[in-house]
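**Q** Numbering of the sequence shown is given in the numbering used here, commencing with residue 6 and proceeding in unit increments. Each residue gets a CB set at the ideal place from its N, CA and C atoms; glycine is no exception.
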Amino acid sequence: MSVLPLVFTSGWASGINAYAVVLLLGVFGATGVSDEVPESLQRPDVLIAAGVLFLCEAVADKIPYVDSAWDSVHTVIRPVSGAVVGALLAGQSGSLPDLAAGAVGGSTALASHAVKAGTRMAVNTSPEPLSNVVLSVAEDLGVGGIISFAMFYPEAAAVIAGVLLLLGLFLLFFLVSRIRRFLRRRALRREEKRLAGRSGPPPG
């Protein structure tokens, strides 16, 4: 069976939470749930590192503006992770060239990361923090659910991931105005901090 559906699904999920994908795949492989997971993802050091980073993301992802800063840092990390995981999965199954799998995983991760980061920018235009927490929890549960589902029904999981990706891109198109508002507010805050730092402390 082709590993392409699993590569696509893991790529979509990596764009949202790359550490959760590595952690879940490694656990599923180590426990014998799936034979598609390469041994390199099952190593204890990889699982520990992925677990620690997942916890860090779980906290940062729920704090307004911190989540967007975290997303900016991961603009490269998530697509690279999607590409690496895709190539490893292809190398394990031998049903798809590593380079092609890496391209599919990386490009899908980049697209879903754009949706995630753009959505968070739009949500951060709201002053209340509850939206960030709800959205973050929904993303974590979605990634965990779809990766788990892909272990047993990879084709169906890939279809769901594809639909979610298209819906996300469609939503992102309508959120552009809110994203621009967020960027303007952030630039204004930076300018205010710069001017405050230049003026210095009041005379004693």
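What whole-angstrom Cβ distance do G31 and V38 have, given they're in contact under 8 Å?
**A** Actually they are not in contact, since the Cβ atoms of G31 and V38 sit about 11 Å apart, beyond 8 Å.
**Q** Inspect the CB distances between the segment 165-179 and the segment 109-124 and report whether three or more fall short of 8 Å.
**A** Output reads yes: the segment 109-124 touches the segment 165-179.
**Q** Within 10 angstroms of the Cβ of F33, are there 16 or more other Cβ atoms? Answer buried if so, exposed if not.
**A** F33 should be labelled buried.
**Q** Where does the unbroken alpha helix (DSSP H) through R125 begin, and where does it stop?
**A** From DSSP, the alpha helix (DSSP H) with R125 extends over 103-128.
**Q** What residue does the alpha helix (DSSP H) around G37 start on, and which one ends it?
**A** First-last for G37: undefined, no H or E at that position.
**Q** In whole angstroms, what separates the C-alpha of F59 from that of D145?
**A** In a straight line, the C-alpha of F59 is about 10 Å away from that of D145.
**Q** Tell me which same chain residues have a C-beta within less than 6 Å of the C-beta of W17, skipping the five on either side of it?
**A** T113, S117, A166, L170.
**Q** Could you check if E196 is buried or exposed, using at least 16 other CB atoms within 10 Å of its CB as the buried criterion?
**A** Answer is exposed; the Cβ neighbour count stays below 16.
**Q** Are three or more beta carbon pairs between the segment 83-103 and the segment 11-29 nearer than 8 Å?
**A** Judged by Cβ distances under 8 Å, the segment 83-103 makes contact with the segment 11-29, as three or more pairs qualify.
**Q** Whose C-alpha, out of A162, S136, N129, is nearest the C-alpha of R186?
**A** Closest option to R186, Cα to Cα, is N129.
**Q** Is Y70 helix, strand or coil by DSSP?
**A** Coil.
**Q** For R189 and L135, what's the separation of their Cα atoms in angstroms?
**A** Whole-angstrom Cα-Cα distance: 22 Å.
**Q** Is I184 closer than 8 Å to S15 when the C-beta atoms are compared?
**A** For S15 and I184, no; Cβs fall outside 8 Å.
**Q** What is the rounded straight-line gap between the Cα of L93 and the Cα of A192?
**A** Spanning the two alpha carbons is a distance of roughly 41 Å.
**Q** Rounded to the nearest angstrom, what separates D50 and G56 at their Cα positions?
**A** When rounded, the distance between both Cα atoms is 10 Å.
**Q** Could you check the C-alpha separation between L200 and S182 for me, to the nearest Å?
**A** Looking at the two C-alpha atoms, the distance is approximately 27 Å.
**Q** Suppose you measure from the CA of F157 to the CA of I68; what does that come to, to the nearest Å?
**A** Distance between the alpha carbons of F157 and I68: 34 Å.
**Q** Could you give the C-beta distance for A155 and L28, rounded to a whole number, given that I count them as a contact under 8 Å?
**A** Their Cβ separation, rounded to whole angstroms, is 15 Å, which puts A155 and L28 out of contact at 8 Å.
**Q** For the candidate residues A161, G91, N137, whose alpha-carbon lies nearest to that of D66?
**A** Answer by Cα proximity: N137.
**Q** Got a sec? Which residues, its chain only, sit under 8 Å from I82 by beta carbon, not counting five neighbours each side?
**A** Closer than 8 Å at the Cβ level, and outside the excluded window around I82, lie A23.
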